Amino acid sequence: MAAEISTGPYRFMYRKRFHKRAETQLTVLAPVREQLSGDEAHERVLAMLAETVDTSLWQAQRVLQASSTAPVDLSGSDALARAWTWRRVRPSRSQGTSRC
């Protein structure tokens, strides 16, 4: 499997091969070019994602075809908490706060 990914300031190409002759390759294109392979590549990708992605929200949004539709716990999502706080502080115009 191969993917080109952009997250935060990072842009990188990530390639993994499973089963026979398993391998992991990473080429970071920005902000600073670097190339890694094996466990170093895997760990670097995890570090970049941890730095730039709200992993609690990402995990909650994942829906697998055969999985339950039970409610998910979003209490650990900083991004969702910030969004709700921003929404309460700055209500929409449809809530009677239009400026004329």
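full-length UniProt numbering puts the sequence shown at residues 1 to 100. Ideal placement from N, C-alpha and C gives every residue a C-beta, glycine not left out. Small disclaimer: the values here were computed from a predicted structure and weren't measured.
Minimum C-alpha distance to residue i - residue among the options
i     : options                       : result
Ser6  : Thr24, Gly38, Phe18 and Thr52 : Thr52
Asp78 : Gln61, Ser56 and His19        : Ser56
Beta-carbon proximity list for residue i, same chain, < 6 Å, skipping 5 on both sides
i     : result
Arg11 : Leu29 and Ala30
Burial state of residue i (16 or more Cβ within 10 Å)
i     : result
Met48 : buried
Thr24 : buried
Ala83 : exposed
Ala3  : exposed
Ala41 : buried
Rounded distance between the beta-carbons of residue j and residue i, thought under 8 Å
i     : j     : result
Val45 : Leu74 : The pair is not a contact, with the Cβ atoms about 25 Å apart (cut-off 8 Å).
Lys20 : Met1  : Not a contact, Cβ separation roughly 14 Å.
8 Å Cβ shell around residue i - same chain, five flanking residues per side excluded
i     : result
Asp39 : Thr24
For residue i, the residue or residues it bridges with in DSSP
i    : result
Ala2 : Arg15
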